[in-house]
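In the working numbering, the protein residues as written are 426 to 660. Positions of the beta carbon are idealized from the N, C-alpha and C atoms, including for glycine.
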Amino acid sequence: MPFLRESDDVYELYLGTEGVELDETNPENRFALTWLDQVNAALDEVAAAGESSKKGLVITATGKFFTNGLDTDYIFAHGDKLPGYLDSVHAVYTKVLTLPVATVAAINGHAFGAGAMLALCADYRVMRTERGFWSLPEAALSMPFTAGMAALLRTRLTDATATEAMLTSRRYGADDAVAAAIVDEAVPADDLVARARAVAGERAAMAGPTLAIIKKGLRQPLLATLATQVPPSLL
């Protein structure tokens with residue numbers, strides 16, 4: 426399950442399970458309900474601390490995946506609960522987008538679908554060069570984007586990149602992701618988390634309630650769309 430670490434100048438939220446490279450019950454760090462609960466709890470802890478402490482947040486993972494996004498096993502077994510489940514995913518996006526601390530995603534492996542979108546919620550993104558793709562496979566899988574997800578992608582990507590990524594399901598390696606302005610930097614795996622820590626640390630002094638207010642103002646239309654409940658007609 427996701428876990429939080431704290432050092433002198435940053436928090437580190439790992440999307441995998443502490444003590445193991447791969448969690449056999451969730452090796453792709455998918456958005457299982459219990460996984461979402463753990464992420465929410467960690468983000469709440471960072472948000473509460475961000476009101477007073479000057480630290481940044483690095484979001485990374487263990488294993489082969491940053492995160493492979495939605496828990497498709499749950500969706501196929503509970504189709505009637507899909508709108509509420511997607512509302513919960515939107516709520517996590519909103520929380521990351523509005524944290525009162527600087528956030529940096531350190532994309533350590535594959536970031537697909539809803540997981541790719543989670544990375545976009547961070548203020549800054551670094552991606553490892555040796556392995557892993559950022560991709561939106563929804564079109565290839567005949568899966569629609571929610572209005573909130575489409576708004577997130579339109580807001581956080583250039584129009585050209587959003588159009589290509591959403592309509593073709595292209596897989597972007599680190600260098601291609603930099604060229605498309607999906608991520609800000611591509612760095613070797615051994616330097617990934619250290620570089621993310623450095624960026625978060627450089628911005629840590631900005632932490633506090635005012636930063637959250639600025640983020641909410643900057644992203645207000647997107648946040649309003651994410652707050653709109655997913656309709657059953659999405660199915």
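- Collapsing the DSSP output to three states places I484 in a strand.
- Around the beta carbon of G642, fewer than 16 other beta carbons lie within 10 angstroms, which makes this residue exposed.
- Per DSSP, I532 is one residue of the beta strand (DSSP E) stretching across T528 to I532.
- As a beta-bridge residue in DSSP terms, T492 pairs with A536.
- Burial state of I639 is exposed, judged by a 10 Å Cβ sphere holding fewer than 16 other Cβ atoms.
- With distances taken between CA atoms, D496 lies nearest to G538 out of G538, L438 and K520.
- Take the alpha-carbon of T485 and the one of P657: they are about 32 Å apart.
- In the DSSP assignment, E476 falls outside any alpha helix (DSSP H), carrying neither H nor E.
- CA-to-CA, the gap between M552 and F491 works out to about 10 Å.
- Comparing alpha-carbon positions, the option among A474, N454, L577 and E446 lying closest to G633 turns out to be A474.
- The Cβ-Cβ distance between S594 and L561 falls below 8 Å.
- By the Cβ test, the stretch 612–630 is in contact with the stretch 527–541, since at least three Cβ pairs between them sit closer than 8 Å.
- Taken in chain order, the complete beta strand (DSSP E) segments of 3 or more residues contained in the stretch 507–591 are 528–532, 535–537 and 549–553.
- Under DSSP, R430 forms a beta bridge with E437.
- Annotation for V445: no beta strand (DSSP E) segment contains it, and DSSP assigns it neither H nor E.
- Beta-bridge pairing by DSSP links Y597 to W559.
- In the three-state scheme derived from DSSP, where H, G and I count as helix and E and B as strand, E610 is classed as strand.
- Taking C-beta atoms under 8 Å as the contact rule, N493 and E446 fail to qualify, at a distance of about 16 Å.
- Around R596, the same chain offers F558 and S560 as residues with beta carbons nearer than 7 Å, after the five sequence neighbours per side are excluded.
- CA-CA distance, L578 to V517, rounds to 15 Å.
- Around the beta-carbon of T583, fewer than 16 other beta-carbon atoms lie within 10 Å, marking it exposed.
- Taking each of A599, T519, L507 and M574 in turn and checking the Cα distance to R550, the smallest one comes out for A599.
- Of the other Cβ atoms in all chains shown, 16 or more fall within 10 Å of the Cβ of G573; this residue is therefore buried.
- The continuous alpha helix (DSSP H) containing D498 extends over residues T497 to A502.
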